[in-house]
Structure formats: C-alpha cells, structure tokens
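One structure is given here, and the rest of the page talks about it.
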Amino acid sequence: MSLHYTEDHEWIAIDGETGIIGISAYAAKALGDVVFVELPDIGTELDKGDEAAVVESVKAASEVYAPIGGEVTEVNGALEDEPAKVNEDPSGDGWFLKIKIADLGELEGLMNEEAYKKYCDGL
Amino acid sequence: MSELLKTALHAEHVALGAKMVEFAGYDMPVQYPLGVLKEHLHTREKAGLFDVSHMGQCFIIADDGKFETAAKALEKLVPASIQDLEPGQQRYSQFLNADGGILDDLMISRLGHPGTEHYLYLVVNAGCKADDFKHIEKHLPKGVKLSVKDDQMSLIALQGPRAKDVLGCFNPAVEELTFMTHTDVELSNIEGGPVWAHISRSGYTGEDGYEISARHEDMVRLWKELIKYEDVEAIGLGARDSLRLEAGLCLYGHDIDTSTSPIEAGLIWSIQKNRREGGKYLGAKRVEDEIKTKPSRKLVGILPEGRAPAREHTEIQDMDGKTIGEITSGGFGPTYGGPVAMGYVARKFAKAGTPVQLIVRGKARPAKVAKMPFAPHNYHRG
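Protein sequence lines correspond, in order, to chains A and B.
Counting in the working numbering, the first sequence runs from 1 upward without gaps.
Counting in the working numbering, the second sequence runs from 1 upward without gaps.
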C-alpha cells in the first residue's frame, strides 16, 4: 500500500484499485474533538477535489475533499456512533471512506509521508 | 489591519499554551490545550476560569450624588427597572434603538459598598462597547456622567460547581452571595498582597459562579492564584460559546441584534412589570406593541434529531417544506450529548414539540422545537 497526502490534510492509501481516505493526525488535532462525521452515499461518483465528507467539531464544520476521483464503495459507519475515533486513530480506525479509483494518474502532485511531514512543519 | 488589543492577562494565556484568535479587536484565547469539549465539561463538573476583560466596564454616576438621578437617566435607555435596584443587586437588560431593535445586552448593578451606593456599574459586550459608550453619552442628561473603566479594570469569570469553594478560600464572604447580587471585598492569600475586587454571583454559562472585576495588575496576581487550584482550568471562547448555548442564553450579533426585539427574543422576563407599559424608554413602542399583539416570530430552542449539528444561518422549514425561520446559534452540546441550536421561527411554530426540518448541506433533517435550557441552570438562588 502506498500512502499519499493532500495540502488540505487528507490521506489516501492505495490498495490495488481501492483508495482508503481519511484525515491526517495534524488535521485531527487542529479540528479538536470531532463530534459528527457526515459520510457520502455509497455509489457517489467523486471527482478529484469534490467534497467527500464533512467533519464537525464542537465549534465548526469542515469539509473533507476527495484526494483523487472515484466511486464510493464503502464508508466507515462506526464513525456515526463514535466520531471520536477520528481523533484517537486518524490513520487507522478513523478512516472515512473507500473509493474505486478512476485514474491512478491523479495521484501525481500529492505528497508522500516525508514530504507531508515537511509541509506540516512549515505551517 | 491595525494591531490587536491585548488584555492584561494575555501573557498568561500564551504561557498556558492557548490558541489565540481575533475577537472584537482583541487577541483572545479560543481554546487551551485541554480543547473545547473537555473545557466545556470541566466547567460544568468543577470550575472554569475565563478572561472576559475585553468586555466593557463603566460607571454611570450623577453629580448630585443621588442614585435616583443616575437610575432615572439609565431607565430612558433600557427596558429594565433600575430605580428599584437595591445596593448590591444586579439585573440583565438591553440597550434598544428608537425602533425597539437591540443595540446590545448588558448587566447593570447598583454598587453596595458604603459611599458608592449611588454608582451604577455596567458590563457590556466587547464588540459593541465603543458604540454603547457613544450611545450612553449622547442620551445622558446634564449632571449624569459616564466613566469608562476599561483602561484600569480587568474582568474574569469563575464558573462551575467548585467556584464557590475556590473563591471562598480568598474571602469566605463571597459564599454568602446569591445569584445576581454582588459585593466589594478584599481577597487575601494572594502573592504580592491582597486584592480589592468587585464580585458578582453571576455569569453566562448557566452554572453557579462569579464575575470578578479588579485592577489590571491585581487581576494578573489573582489569576495566577486561581489557576493553581486543581479544580480550576482556563477556558477559552470556544467553550464559553457552547456553555452559553446549552444554557439557552443569547449571544449578541447572533441570536439578538438591531433587527430583533426583546420580546421576539423571549427576554420579557428581563422587563419588570412596572416597565411593561407607559413608553418610558427608547424603543418602548415596539416592545409594548409586541407584548400586546404578540410578535410574528419567536426565538426558540431547536433539537436536531440524529447527531448532525445545525449551524448559524441554517434554514428552518415546516414539514411541508416552507421556510419558517433560521438558526441563529447552533452546535454540539457536550453536556447535553448531542446537537443543540436556537433560532427564530414564525410564532405558530414556536410551541415546544413542534416538528420542523433543518436544511443542512442541502438535505432536510428532522428536528423539534424544544424548551431551553438544554442543560439545567445551577444558579445559587439562596
């Protein structure tokens, strides 16, 4: 599996044709305690940069964008009852959705883990 | 952009690791490392310490030294009854414009310390204070003066069930105060010497607690003592907002503004019976008309079903999809354990239990009109 990050702090893990999408630990910390996650309907066609989900803290709502395009095949329903998983394990149990990747070429321009770490250090 | 103002406690917030944001021209702590959710819960369970020094503090004093003269002058500007305030008593009210719209909401106290019983002490919102002071000066008659104290006085709030025991360590007299009364006392056991403070048993969280006014340099010393207590955590503006929302308390600029009247906002309880007719203050006509004929819309509590919060400006519809109002404050209530909101709806939908729909990100979501507060008030009424 390869892992890629966006400048908006989403991550996407590539497993064959499937992309698993979540938000980074940096984003989870900046948001604070997550109290609600709105996930897309299965079958939704997302283009790269489309709003894929919404994550809400006590204070505000923030959008989660699709790092690359694809069709939504699965969502993490556990977040409905336990949105705090996003804070506890943002890169694991706190994943948001899975997509069937339309075009792997869209990964171009995303950051790898090392580049993303540098990017966050500079913020 | 001009440089942000700093309260006397600014360095304390930074030292505690607060995340600072601009609010009403001040650089203020929105949250500390504990985070909004835990800060909120801590305040309801133990005690939260808030810097509210950005708010405006002033006195209204008559040259003739009579309370009645100052009280009569202020009664021209607010719906509340002021002349019958006893020394040491405090009331909540609003400044209105000529059309009965709300310019600001405020706390009004008659000082109780001997020699100052003719002083009226006001606390107004930070974002409105410059306009409030102009408004007051414009309308005060000759012989009654406004004295603004922001350049000398800081203001903090200590809120929550442990507030009484903590503040009582500095002077047990504060434990005797009841809700909406106040006193001027010396607080001891403070490094650098005692602090003279004006202390009221009030606040804006729905909890028992105090608001404390003292000179800037004294307040820094008092803050440093208070924060040492294990039961006390510093609380930022984020949790201040969720606490007041759960308590069903209006936030100026959101739930009330110049387009809303005190009657629409459900604030008739703040207008004493002897002030409900007779046109005795600026804006009285709209208020009295609405008392008689009932306003066309009302501020109500809204409980969304499910877990999705409905934020400010969310459209409220009836079950047929017709727009009936808008959310003015909304978020997640940590103590309530779910989303809570308030907003204006057409009067016939204002009854608790009425089903409505909220349009969140294009989707209609079910909700109900509900009684406020969402978390029970824990005021110490004696």
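Ideal placement from N, C-alpha and C gives every residue a C-beta, glycine not left out.
Since the model is a prediction, treat every value here as computed from it, not as a measurement.
Measure the Cβ-Cβ separation of Leu85 of chain B and His182 of chain B and say whether it is below 9 Å.
no
Pop quiz: Ile256 of chain B and Asp132 of chain B are said to be a contact at Cβ under 8 Å. What is the actual Cβ separation, rounded to whole angstroms?
Going by Cβ atoms, the distance from Ile256 of chain B to Asp132 of chain B rounds to 14 Å, so no, they are not a contact pair.
Counting along the chain, where does the alpha helix (DSSP H) carrying Arg297 of chain B start and finish?
Where Arg297 of chain B is concerned, there is no enclosing alpha helix (DSSP H), although the beta strand (DSSP E) it sits in stretches over 297-304.
When we look at the beta-carbon of Ile156 of chain B and count the other beta-carbons within 10 Å, is it buried (16 or more) or exposed?
buried
Would you call the region 30-41 of chain B in contact with the region 232-252 of chain B, where contact means no fewer than 3 C-beta pairs closer than 8 Å?
yes
Per DSSP, cross-strand counterpart(s) of Glu108 of chain A
Note: Glu108 of chain A sits in no beta bridge, so no partner.
Going residue by residue through the region 123-203 of chain B, where are the continuous alpha helix (DSSP H) segments of at least 4 residues, counting only ones entirely within it?
129-139, 163-168
I'd like the span of the beta strand (DSSP E) that includes Arg240 of chain B, first residue to last.
Where Arg240 of chain B is concerned, there is no enclosing beta strand (DSSP E), although the alpha helix (DSSP H) it sits in stretches over 237-246.
So the candidates are B:Glu176, B:Ala197, B:Thr178; which of them puts its Cα closest to the Cα of Val185 of chain B?
B:Ala197
Taking any Cβ of chain B, which residues in the region 95-113 of chain A have a Cβ under 7 Å from it, in chain order?
none
Answer with yes or no whether the minimum CB distance from Arg244 of chain B to chain A is below 9 Å.
no
Between the region 33-48 of chain B and chain A, which residues of the former have a C-beta closer than 8 Å to a C-beta of the latter?
Gly35, Val36, Leu37, Lys38, His40
Are the Cβ atoms of Glu106 of chain A and Gly69 of chain A separated by less than 9 Å?
yes
Ala98 of chain B to Ser81 of chain B span [Cα, whole Å]:
18 Å
Where do the ends of the beta strand (DSSP E) carrying Tyr116 of chain A lie?
It is not in any beta strand (DSSP E) - Tyr116 of chain A instead sits in the alpha helix (DSSP H) that spans 113-121.
Per DSSP, the bridge partner or partners of Ser81 of chain B:
Answer is none; Ser81 of chain B lacks a bridge partner.
Pick helix, strand or coil for Asp33 of chain A, following the three-state DSSP scheme.
coil
At a Cβ cut of 7 Å, what residues of the region 5-27 of chain A count as close to chain B, listed as they run along the chain?
none
Note down, in chain order, all residues in the region 56-70 of chain A with a beta-carbon under 9 Å from any beta-carbon belonging to chain B.
Glu56, Ser57, Val58, Lys59, Ala60, Ala61
To the nearest angstrom, how far is the alpha carbon of Gly94 of chain A from that of Glu45 of chain B?
29 Å
Where the beta strand (DSSP E) containing Thr328 of chain B begins and where it ends:
323-333
His13 of chain B bridges to which residues according to DSSP?
According to DSSP, which records beta bridges pairwise, His13 of chain B is partnered with nothing at all.
Contact with chain B by Glu38 of chain A, beta-carbon distance below 9 Å:
yes
For a test of the three-state rule: what should DSSP assign to Asp15 of chain A, helix, strand or coil?
strand
Output the distance between the C-alpha atoms of Val356 of chain B and Lys371 of chain B, rounded to the nearest integer angstrom.
14 Å
Using the Cα positions of Leu142 of chain B and Lys280 of chain B, report the straight-line distance between them to the nearest angstrom.
The amino acid occupying residue 142 of chain B in the given sequence is Lys; Leu does not appear at that position. Looking at the two C-alpha atoms, the distance is approximately 19 Å.
Give a yes or no on whether the C-beta atoms belonging to Glu51 of chain A and Ala66 of chain A are separated by under 9 Å.
yes
For Gln159 of chain B, decide whether its Cβ has a neighbour in chain A, counting only Cβ atoms nearer than 9 Å.
no
Does the contact criterion of 3 or more C-beta pairs under 8 Å hold for the region 70-79 of chain A versus the region 38-51 of chain A?
yes
C-alpha distance - His377 of chain B paired with Gln317 of chain B, whole-angstrom precision
30 Å
What three-state label does DSSP hand Phe67 of chain B in the structure shown?
helix
Verify whether the separation of the beta carbon atoms of Phe67 of chain B and Glu117 of chain B is less than 9 Å.
yes
So the candidates are B:Leu167, B:Thr293, B:Leu282, B:Pro304; which of them puts its Cα closest to the Cα of Leu140 of chain B?
B:Leu282
Counting only C-beta atoms, is Gly32 of chain A closer than 9 Å to chain B at any point?
yes
Given a cut-off of 9 Å, decide if Pro161 of chain B and Glu191 of chain B are closer than it, judged by their beta-carbon atoms.
no
Under 6 Å Cβ to Cβ from Gln159 of chain B, same chain only, skipping five residues before and after it: list those, please.
Thr43, Gly48, Gly203, Thr205, Glu207, Gly209
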